[in-house]
Amino acid sequence: MERPQLSSWQFFLLTISHLIGSAFFYIPSTLVGTSKQISWILPLIAGAFTIIIACLWLHLASQYPKHSLIQICLKVGGKYVGCFFALLYIWYCLQITSWVTRDIGNFAKMTLLPHTPITMFHIMFLLIICYASIKGIDTIARTNELLLPIVIITLFILFLLTIPDWKWERFEPLLPFDWNASVKNTSNLMAFPFFESFTLMIIIPYVKNKAKKNFLLGMGCYTLLLSMVTFFIIGTLGVVRSSHAIYPLYTIMQEIQISPLIEHLESTISMILLTTIFVKISITYYCCVLGICQLFQLKDRTWVSIPLILLVSGIAMAFEDIVEDVDWYNKYAFANGALYGIILPLILLAVSGIRKFSNRQKENIAK
Amino acid sequence: MITFLLFFLISFTICLIILFKNKKPRKEIILFITIAMLGFADWISIITRHNFNPNKWIGIIIDQISFW
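Protein sequence lines, in the order shown, are assigned to chains A and B. In this text, residue positions in the first sequence follow our numbering: the first is 19, and each later residue adds one. In this text, residue positions in the second sequence follow our numbering: the first is 958, and each later residue adds one.
What follows is the structure in structure tokens.
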């Protein structure tokens, strides 16, 4: 298998894109629904906690340089336990890919093409993503390098256009901090999308230099961006309306009216969503394919990528509708994410530490 | 159902022919068949309305663990 090389800038952009994905569009309404006017603070808290946990991931990665997450699992856990851990992480990538695929299906069906079967969106999208994953991570990174700056600039221009609708009164009354709801929201936010970025540990060995710094920097930038977007949504749409809209950004752009010539800019936001989701699914799909190839020591990714379309599009149909999706997220997202983001890395670190300690003792006895 | 079965059989056979013609390693062929069969089983469960929902199973496991 070829060994691609990613620059630190490309990895920084990949981290941001991986985090933006669909979370950027779904999360604000969930946050505003429970934490009201102060909901823009929660991404900052979740981001700060995740950056601390990310240091743990990076410490694990630094103990095995030039090894991906799957190779670390195999090295630390041995043939059987390591294989089980690696399979768990491959399943996690598959799960994320199918969830995000479903997100794009839901969005397209609800806003763009209501009469088209949802499976059609999934399969069409996955065909392109399969092609991207066969081409490799350097192709995905270069595409992202071109698309992400355009997305961010467009988003800021759209924000500027909505300034006439901004009202500071929408941040009043500043209600007392509801600790229970905020802790629940913050923990769910940590699981989706922050813990998902742990899958980037599969491609971290391909980064030429400053991988750790750029990973943390990407997380920090995304945290600020999400907080800003939530702040902007509250100021423009208000708490009540943004908590009732599934896609508050889309609603804002639907109502925008600068002049008779410039109005209804929702297609722009649809393009942004399609772009960010495309990059996110490409990364997780590639990580899944690469993980399988590394686990079974295969050289060609093509014949793993193709049948995965069938599997991912099938798993994406698991949720009946968006209500079931949101309900599952509220109930189990943190517990599910914590297994892959906290528990398994801690086990890997502990076993790795014990192994190194026993090896050192053996060396001392031999001397 | 019949359309899906026909589509799957035709595409699966074409892929297998290409794999054998290119003399791909046995491991790669087995993995291809395994993933394709998993996807096929998942889609059959959707078509027969006995939808396999891994998220539901994960939820049950988490509930059981938190109960204990």
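Where is the CB? At the ideal position from N, CA and C, for every residue including glycine. Note that the coordinates shown come from a computational prediction; the quantities given were computed from them, not determined experimentally.
(message) I'd like to know if the region 139-151 of chain A and the region 338-347 of chain A are in contact, where contact means that at least 3 CB-CB pairs between them fall below 8 Å.
(response) no
(message) Please confirm whether A/Gln-89 has its beta-carbon closer than 9 Å to some beta-carbon of chain B.
(response) It does not: the Cβ of A/Gln-89 has no partner Cβ on chain B nearer than 9 Å.
(message) For a cutoff of 9 Å on Cβ pairs, would you count A/Ala-209 as touching chain B?
(response) Not an interface residue.
(request) Taking B/Ile-1019 and A/Asn-354 to be in contact with their CB atoms under 8 Å, please state how far apart those CB atoms are, rounded to whole angstroms. (result) 7 Å
(request) Could you say if the region 180-193 of chain A and the region 24-43 of chain A meet the contact criterion of at least three C-beta pairs nearer than 8 Å? (result) no
(message) At the 9 Å Cβ level, is B/Phe-1009 part of the contact set with chain A, yes or no?
(response) yes
(request) List the residues of chain B that A/Tyr-350 touches, going by C-beta distances under 7 Å, in chain order. (result) Ile-1015, Gly-1016, Ile-1019
(request) Jot down the residue ranges of each uninterrupted alpha helix (DSSP H) in the region 167-229 of chain A, minimum 4 residues, whole runs only, in chain order. (result) 197-207
(request) Please classify A/Glu-281: does DSSP put it in a helix, a strand, or coil? (result) strand
(message) Beta-carbon within less than 7 Å of A/Tyr-110's beta-carbon, same chain only, minus the 5 sequence neighbours each way: which residues are those?
(response) Thr-217, Tyr-358
(message) Spatial neighbours of A/Ile-88 within its chain, please: C-beta separation below 6 Å, excluding the five flanking residues on both sides.
(response) The residues are Ala-104, Gly-309, Gln-312, Leu-313.
(message) Rounded to the nearest angstrom, what separates B/Phe-1009 and A/Ile-146 at their Cα positions?
(response) In this structure, the CA atom of B/Phe-1009 is about 25 Å from the CA atom of A/Ile-146.
(message) Would B/Ile-1003 pass as an interface residue toward chain A - the criterion being a Cβ-Cβ separation below 9 Å?
(response) yes
(request) Measure the C-alpha to C-alpha separation of A/His-77 and A/Leu-364 and round it to an integer number of angstroms. (result) Answer to the nearest angstrom: the Cα atoms are 11 Å apart.
(message) Suppose contacts are defined by Cβ-Cβ distances below 9 Å. Is A/Leu-235 in contact with A/Thr-33 by that definition?
(response) For A/Leu-235 and A/Thr-33, yes; Cβs fall inside 9 Å.
(message) Let me make sure I understand the geometry here. Which of A/Asn-227, A/Gly-95, A/Asp-318 has the alpha-carbon closest to that of B/Lys-980?
(response) Looking at A/Asn-227, A/Gly-95, A/Asp-318, the one whose alpha-carbon comes closest to that of B/Lys-980 is A/Asp-318.
(request) At 7 Å on the CB atoms, spell out the chain A contacts of B/Trp-1000, in chain order. (result) Leu-328, Gly-332
(message) If distances are taken between C-alpha atoms only, which option among A/Thr-161, A/Asn-162, A/His-133, A/Thr-119 comes closest to A/Met-142?
(response) For A/Met-142, the nearest C-alpha among the options comes from A/Thr-119.
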